[in-house]
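Protein sequence lines correspond, in order, to chains A and B.
The working numbering puts the first sequence at residues 2 to 741.
The working numbering puts the second sequence at residues 5 to 159.
Where is the CB? At the ideal position from N, CA and C, for every residue including glycine.
Contents: one structure, followed by commentary.
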Amino acid sequence: MSQQATSHDKKPIKPERRRFLQSSAGLLIGVYLPVFANQKSGAAAVMQTPSEAGATLSPNAFVRIAEDNTVTILSKHIEFGQGPFTGLATLAAEEMGADWSQMRAAHAPANVEHYKNLAFGVQGTGGSTAIANSYHQMRRAGATARAMLVSAAATRWKVPDTEITVNNGIISHKNSGKQASFGELAASAAELPAPNNEPALKKPSEFKLIGTDLPKLDTTEKTLGQAQFTLDIYQENMLTAVVAHPPAFGGIVNSFDDSAARKIPGVVDIKKIPQGIVVYAKNTYAAIKGRDALKINWDTSQAETRSSKTLFKLHRDAAQKPGANATSNGDTDKALQDAAKTLELEYSFPYLAHAPMETLDAVILAHNDSDKIEAWLGSQLQTVDQGAIAQVFNTKPENVIIHTQLAGGSFGRRAQPDSGFAVEAALATKAVSRGTPVKLIWTREDDIKGGRYRPMVFHKLRGGIDNKGNIIGWQQTIVTQSIVAGSPFEGMIQNGIDPTSVEGASDLPYTIPNLDVSLHSMQTKVPVLWWRSVGHTHTAYTVETFIDMLLELADKNPVEGRLELLKKHPRESHVLRTAARMAKNAGPTPQDRARGIAVHKSFGSFVAQIAEISNENGFPKVHRVWCAVDCGIAVNPNVIKAQMEGGIGYGLGAILFDEITLGENGTVIQSNFDTYRSLRINEMPDIEVEIIKSDIDPTGVGEPGTPPIGPAVANAWRRLTGQKITHLPFISSVQQMETA
Amino acid sequence: MAVTLTINGESKTVNAEDDTPLLWVLRDELNLTGTKYGCGIAQCGACTVHVNNLPRRSCVTPIKSIEGMQITTIEGLDGPVAEAVQAAWQKIDVPQCGFCQTGQVMSAVGLLNSIRKPDDADIDNGMTGNICRCATYVRIRNAIHDAAGILEKQK
Numbered sequence: 002m003s004q005q006a007t008s009h010d011k012k013p014i015k016p017e018r019r020r021f022l023q024s025s026a027g028l029l030i031g032v033y034l035p036v037f038a039n040q041k042s043g044a045a046a047v048m049q050t051p052s053e054a055g056a057t058l059s060p061n062a063f064v065r066i067a068e069d070n071t072v073t074i075l076s077k078h079i080e081f082g083q084g085p086f087t088g089l090a091t092l093a094a095e096e097m098g099a100d101w102s103q104m105r106a107a108h109a110p111a112n113v114e115h116y117k118n119l120a121f122g123v124q125g126t127g128g129s130t131a132i133a134n135s136y137h138q139m140r141r142a143g144a145t146a147r148a149m150l151v152s153a154a155a156t157r158w159k160v161p162d163t164e165i166t167v168n169n170g171i172i173s174h175k176n177s178g179k180q181a182s183f184g185e186l187a188a189s190a191a192e193l194p195a196p197n198n199e200p201a202l203k204k205p206s207e208f209k210l211i212g213t214d215l216p217k218l219d220t221t222e223k224t225l226g227q228a229q230f231t232l233d234i235y236q237e238n239m240l241t242a243v244v245a246h247p248p249a250f251g252g253i254v255n256s257f258d259d260s261a262a263r264k265i266p267g268v269v270d271i272k273k274i275p276q277g278i279v280v281y282a283k284n285t286y287a288a289i290k291g292r293d294a295l296k297i298n299w300d301t302s303q304a305e306t307r308s309s310k311t312l313f314k315l316h317r318d319a320a321q322k323p324g325a326n327a328t329s330n331g332d333t334d335k336a337l338q339d340a341a342k343t344l345e346l347e348y349s350f351p352y353l354a355h356a357p358m359e360t361l362d363a364v365i366l367a368h369n370d371s372d373k374i375e376a377w378l379g380s381q382l383q384t385v386d387q388g389a390i391a392q393v394f395n396t397k398p399e400n401v402i403i404h405t406q407l408a409g410g411s412f413g414r415r416a417q418p419d420s421g422f423a424v425e426a427a428l429a430t431k432a433v434s435r436g437t438p439v440k441l442i443w444t445r446e447d448d449i450k451g452g453r454y455r456p457m458v459f460h461k462l463r464g465g466i467d468n469k470g471n472i473i474g475w476q477q478t479i480v481t482q483s484i485v486a487g488s489p490f491e492g493m494i495q496n497g498i499d500p501t502s503v504e505g506a507s508d509l510p511y512t513i514p515n516l517d518v519s520l521h522s523m524q525t526k527v528p529v530l531w532w533r534s535v536g537h538t539h540t541a542y543t544v545e546t547f548i549d550m551l552l553e554l555a556d557k558n559p560v561e562g563r564l565e566l567l568k569k570h571p572r573e574s575h576v577l578r579t580a581a582r583m584a585k586n587a588g589p590t591p592q593d594r595a596r597g598i599a600v601h602k603s604f605g606s607f608v609a610q611i612a613e614i615s616n617e618n619g620f621p622k623v624h625r626v627w628c629a630v631d632c633g634i635a636v637n638p639n640v641i642k643a644q645m646e647g648g649i650g651y652g653l654g655a656i657l658f659d660e661i662t663l664g665e666n667g668t669v670i671q672s673n674f675d676t677y678r679s680l681r682i683n684e685m686p687d688i689e690v691e692i693i694k695s696d697i698d699p700t701g702v703g704e705p706g707t708p709p710i711g712p713a714v715a716n717a718w719r720r721l722t723g724q725k726i727t728h729l730p731f732i733s734s735v736q737q738m739e740t741a
Numbered sequence: 005m006a007v008t009l010t011i012n013g014e015s016k017t018v019n020a021e022d023d024t025p026l027l028w029v030l031r032d033e034l035n036l037t038g039t040k041y042g043c044g045i046a047q048c049g050a051c052t053v054h055v056n057n058l059p060r061r062s063c064v065t066p067i068k069s070i071e072g073m074q075i076t077t078i079e080g081l082d083g084p085v086a087e088a089v090q091a092a093w094q095k096i097d098v099p100q101c102g103f104c105q106t107g108q109v110m111s112a113v114g115l116l117n118s119i120r121k122p123d124d125a126d127i128d129n130g131m132t133g134n135i136c137r138c139a140t141y142v143r144i145r146n147a148i149h150d151a152a153g154i155l156e157k158q159k
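As structure tokens, this is what we get:
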């Protein structure tokens, strides 16, 4: 997702203590607090629900303090690896004066009023917004909790509030020597009136936890195999379901024969839903075998039956003329005519699957004694999923309880604006009798073939330099399918421009006097979606390889040349200089290797990377990457480094190996990790990360590590071999060059 | 069909078809959910368990084929190597989403069982079969070296 947190909710968070205290237990458990079914005995303390944690003090929607002295923060952002549990807990703990060992985290329930993403207006995670939009909110939540605890201590000890200090989870009064833990004061604090004024927040110079490498809250459970994911939920009488999907996007079932499938031991039932044929079984293997035994006659008359090759040509044809204007400065046509030297290149980017380790899955239970629907899934857009599931069951959203689960990765895949997967799971559940929980699992083949891809993209670039080596003209035409068109996020489209199609190009940081960036939005029936860093997946690649080539054409150094054009952009310049210094300090480039650089801003954060590569049998081997990141205040430097490492690995695998191709009849060729390659450990470079010191409010890190690695590697490869890789993935381009 | 398996030192009789992959028996029948499904075709390693102390992809291992063998899952993992690996994993904060990590840990323990002080090439060989889409590979490598160091000190 591509929105940035541009505003912070400045309203004070009203304590909701009364509401919680006065609630009936049913309301507490049923509506406000998530209850995990089948919570296993050894399962994670971190996943303890607030009710299980025995919350005594609930000063607001985000903090729960129990008499056992644990503090549980409710994370409105889903945890699927980017660290919001740890980051949000750090923010609250900082202002509370808590000790890190007492902190826990759990997913917040679906409640748009309390838990909306301030950048989206609905509850959801994406666009690298978790820390950015919770930075003030979670700190205020922590500060409010602290104020209530201090007030309780002051009342108990009959001393002024102002004489009380809180450090490392201990509330103290120095003169009397009195001390108490949070847990000891929780019950008393819950009896006090809420503070009237919004408590003051710490200055960055007063931070004790923010800026330190606190251990992540979820590491232990994930290391021991105790973390619970949706796939791990088993309920009494639960059926496991898989769906046979059409062979082309938009296909529907014409007729089917399930007689063989029904004979598979363990298969319980088979139903048709709009998405395909559902096989219900007592176990997963039976469901999969049952699906294999189905004979289905598909109607693909309304489906997308064009091949990637055909679609690619349509994209390329469109790129030959400028599209809707996204950015325009000066007179680019004239500048290019007057240029002493010009460069013209076409780039293409294939469809990409996200392929998170945990495929899509959900458990849904429609209660048979009430209107209540419960859904356990790695929901990335809780408000949207809640509404969509409600619609399927023809009930009100408030009757749908979303239990957000830890998810095995997403990279954008679980944030579906139309809740496509949640709807499929709901329909599969609705097709059997109420009271039967249904776990719908997508197999890896469903995942790879299932669409919601990073769209196919084509770029055409023309650039010109004058006889002094100045870049005087830049014309960029982007052709791709809009991600938000036809979705609840369609309002993002302004003047024919979906900003997620052009971000990273339309806001080109380089000072070029004559600049045109335009967009053609294509229509296909291939469902597309945001894929880790969204538009930046292709704009960083085109912009950063093209500028590198123009600078080379002008005989300029790739770092100095960029810096000359970035005088108005100190943060880009700083990360660029830092990465250059890191690489220089590592020593000269070894023989037979080359280095390439790229710098890119995305989601408010700035990242520069230098890749050092060699040529191994005609293919790049990436040995090292130096990465400098400016994401404002570093809440947890170790998590930021992990996100840079992961973002680099994710991006590198994609640019080297990955493409989803539609064959004849629109069928997806790839099906699993054998044909859709993931980066593996032997292909992972050594990575050194440096975080720029900053006192600016934090911005995200989940996505910004991904965009620069592709162009950094491509620039290194061009310097090493002379080959310009403009059609991704590398492996296809290199193979074509070999046969040419 | 009743098949008797020895899992984490305990004998378990399950009612499942002979060709059922061990993965689904562990998960669906025995509630040992630490072993994960990732691909079903032995490409990703998320389902790695130990059979007679050697890493094995449970998603392509029919239960009938391992009757009488010693099966160890993440839940039953113990001993100095496992402790060293899991301590290093925590110290270095390896996991991100965490879904593949039990398979990574099983493979890392298998590697250190056979090579007590692996170099980078050994780690590549031992761990290439385990995909991590979060690309925590830098930390997996560091953690394995760290675990080898822990084990060396115990000598």
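Open item on the list: Between which residues of its own chain and residue 261(A) is the CB-CB distance below 6 Å, once the five residues before and five after are set aside?
Closed with: Position 260 of the first sequence, counting from 1, holds the residue named residue 261(A). Answer for residue 261(A): 294, listed in chain order.
Task: Beta carbon of residue 611(A) nearer than 8 Å to that of residue 713(A) - done: If you number the first sequence from 1, residue 611(A) lands on position 610. If you number the first sequence from 1, residue 713(A) lands on position 712. For residue 611(A) and residue 713(A), yes; Cβs fall inside 8 Å.
TODO: Using a Cβ-Cβ cut-off of less than 8 Å, list which residues of the stretch 31-58 of chain B approach chain A; keep chain order.
DONE: 31, 32, 33, 35, 37, 38, 39, 40, 41, 42, 43, 44, 45, 47, 48 and 50
TODO: Return the bridge partner residues of residue 74(B) from the DSSP annotation.
DONE: Start at 1 with the first residue of the second sequence, and residue 74(B) comes out as number 70. Looking at the DSSP assignment, residue 74(B) forms a beta bridge with 10(B).
Open item on the list: Against residue 230(A), what residues of chain B qualify as contacts under a CB-to-CB distance less than 7 Å, listed in chain order?
Closed with: Along the first sequence, read from residue 1 onward, the residue named residue 230(A) stands at position 229. Those are 103, listed as they occur along chain B.
Task: Unbroken beta strand (DSSP E) run spanning residue 76(A), endpoints - done: For the purposes of this step, residue 76(A) is taken as residue 75 along the first sequence, with counting starting at 1. Where residue 76(A) is concerned, the enclosing beta strand (DSSP E) stretches over 72-76.
Task: N- and C-terminal bounds of the alpha helix (DSSP H) containing residue 316(A) - done: Along the first sequence, read from residue 1 onward, the residue named residue 316(A) stands at position 315. That run of the alpha helix (DSSP H) goes 309-319.
Task: Those residues which DSSP pairs with residue 403(A) across a bridge - done: In the first sequence, counting from the first residue as 1, residue 403(A) sits at position 402. In DSSP, residue 403(A) forms a bridge with 376(A).
Task: Nonlocal neighbours in the same chain, by C-beta distance under 6 Å from residue 27(A), ignoring five residues either side - done: The residue you call residue 27(A) lines up with position 26 of the first sequence. Summary for residue 27(A): the model assigns pLDDT 19, below 50, so the residue's position carries little reliability; its value from the coordinates is reported in the next sentence. Excluding sequence neighbours, residue 27(A) sits near nothing in its chain.
Open item on the list: Checking 8 Å against the spacing of the C-beta atoms, do residue 139(B) and residue 646(A) come in under that value?
Closed with: Reading the second sequence from its first residue, position 135 is the one you call residue 139(B). Reading the first sequence from its first residue, position 645 is the one you call residue 646(A). Yes, Cβ-Cβ distance for residue 139(B) and residue 646(A) is below 8 Å.
Task: Residue closest to residue 130(A), alpha-carbon to alpha-carbon, out of 603(A), 682(A), 681(A) and 335(A) - done: The count along the first sequence starts at 1 and reaches residue 130(A) at position 129. Answer by Cα proximity: 603(A).
Open item on the list: Determine, for residue 264(A), whether the minimum Cβ-Cβ distance to residues of chain B falls below 8 Å.
Closed with: Within the first sequence, the letter at position 263 stands for residue 264(A). Residue 264(A) does not count as touching chain B.
Open item on the list: If I measure Cβ to Cβ from residue 304(A) and keep anything under 7 Å in the same chain, skipping five residues before and after, which residues do I get?
Closed with: Sequence index remark: in the first sequence, residue 304(A) carries index 303 (1-based). The answer, listed in chain order, is 247, 249, 250, 251, 252, 526 and 667.
Open item on the list: For a test of the three-state rule: what should DSSP assign to residue 523(A), helix, strand or coil?
Closed with: The residue labelled residue 523(A) in the question sits at position 522 within the first sequence. In the structure shown, residue 523(A) sits in a strand (DSSP, three-state: E or B).
Open item on the list: Rounded to the nearest angstrom, what separates residue 351(A) and residue 734(A) at their Cα positions?
Closed with: Residue numbering aside, residue 351(A) sits at position 350 when the first sequence is read from its first letter. Residue numbering aside, residue 734(A) sits at position 733 when the first sequence is read from its first letter. Cα to Cα, residue 351(A) sits roughly 12 Å from residue 734(A).
- [ ] Write down every uninterrupted run of the beta strand (DSSP E) in the stretch 492-579 of chain A whose length is 3 residues or greater and which is fully enclosed by it, in chain order.
- [x] 515-523
TODO: Check whether the Cβ atoms of residue 12(B) and residue 80(B) lie closer than 8 Å to each other.
DONE: Along the second sequence, one-based indexing puts residue 12(B) at 8. Along the second sequence, one-based indexing puts residue 80(B) at 76. For residue 12(B) and residue 80(B), yes; Cβs fall inside 8 Å.
Open item on the list: I want to see whether chain B comes within less than 8 Å of residue 606(A), judged by CB atoms only; does it?
Closed with: Position 605 of the first sequence, counted from the start, is the residue given in the question as residue 606(A). For residue 606(A), the answer is no, since every Cβ of chain B falls outside 8 Å of its Cβ.
Open item on the list: Please state whether the Cβ-Cβ distance between residue 363(A) and residue 449(A) is less than 8 Å.
Closed with: Along the first sequence, one-based indexing puts residue 363(A) at 362. Along the first sequence, one-based indexing puts residue 449(A) at 448. No, Cβ-Cβ distance for residue 363(A) and residue 449(A) is not below 8 Å.
TODO: Would you decide whether residue 23(A) is buried or exposed? Buried here means 16 or more other CB atoms lie within 10 Å of its CB.
DONE: Start at 1 with the first residue of the first sequence, and residue 23(A) comes out as number 22. Note that residue 23(A) scores a pLDDT of 25, beneath 50, so its modelled location is shaky; the value from the coordinates is reported in the next line. Residue 23(A) comes out exposed.
TODO: If I'm right that residue 1(A) touches residue 644(A) with Cβ under 8 Å, what's the distance once you round it to whole angstroms?
DONE: Residue 1(A) is absent from the model: chain A starts at 2 and stops at 741.
- [ ] Let me know the secondary structure DSSP gives residue 230(A) once reduced to three states.
- [x] Sequence index remark: in the first sequence, residue 230(A) carries index 229 (1-based). Correct three-state label for residue 230(A): strand.
Open item on the list: Quick check: is the beta carbon of residue 359(A) nearer than 8 Å to any beta carbon in chain B?
Closed with: Here residue 359(A) corresponds to residue number 358 of the first sequence, with the count starting at 1. Residue 359(A) counts as touching chain B.
TODO: Classify residue 499(A) as buried or exposed, calling it buried when 16 or more other Cβ atoms lie within 10 Å of its own Cβ.
DONE: Taking the first sequence and counting its residues from 1, one reaches residue 499(A) at position 498. So residue 499(A) counts as buried.
Task: Positions along the stretch 427-461 of chain A whose CB lies within less than 7 Å of some CB in chain B - done: 444 and 445
Open item on the list: For the stretch 611-630 of chain A against the stretch 186-206 of chain A, do three or more pairs of beta-carbon atoms, one drawn from each stretch, fall closer than 8 Å, so that the two count as touching?
Closed with: no
Open item on the list: Nearest by alpha-carbon distance to residue 1(A): which of 25(B), 50(B) and 22(B) is it?
Closed with: Beyond the ends of chain A as shown, which are 2 and 741, falls residue 1(A); an answer cannot be given.
TODO: Please decide whether residue 139(B) counts as near chain A, where near means a Cβ-Cβ distance under 8 Å.
DONE: Counting from 1 along the second sequence, the entry for residue 139(B) is found at position 135. True, the Cβ-Cβ gap to chain A drops below 8 Å.
- [ ] Could you check if residue 349(A) is buried or exposed, using at least 16 other CB atoms within 10 Å of its CB as the buried criterion?
- [x] Along the first sequence, read from residue 1 onward, the residue named residue 349(A) stands at position 348. Flag for residue 349(A) reads buried.
Open item on the list: Please state the DSSP three-state secondary structure of residue 34(A).
Closed with: One-based indexing of the first sequence puts residue 34(A) at position 33. Bear in mind that the predicted position of residue 34(A) carries a pLDDT of just 23, short of 50, making it unreliable; the figure below should be weighed with that in mind. Coil at residue 34(A), not helix or strand.
- [ ] Determine, using beta carbons only, whether residue 730(A) comes closer than 8 Å to chain B.
- [x] By one-based count along the first sequence, residue 730(A) stands at place 729. Output row for residue 730(A): interface = no.
- [ ] Please name the residue or residues paired with residue 617(A) in a DSSP beta bridge.
- [x] Within the first sequence, numbered from 1, the residue matching residue 617(A) stands at position 616. Looking at the DSSP assignment, residue 617(A) forms a beta bridge with 620(A).
Open item on the list: Quick check on DSSP: helix, strand or coil for residue 651(A)?
Closed with: Reading the first sequence from its first residue, position 650 is the one you call residue 651(A). Helix.
- [ ] State yes or no: is the beta carbon of residue 127(B) nearer than 8 Å to at least one beta carbon in chain A?
- [x] Within the second sequence, the letter at position 123 stands for residue 127(B). So, interface residue.
- [ ] Kindly indicate which three-state DSSP category residue 137(A) falls into: helix, strand or coil?
- [x] Sequence index remark: in the first sequence, residue 137(A) carries index 136 (1-based). It is helical.
Task: Three-state class that DSSP yields for residue 172(A) in the structure shown - done: On the first sequence, residue 172(A) is found 171 positions in, with the first residue counted as 1. In the structure shown, residue 172(A) sits in a strand (DSSP, three-state: E or B).
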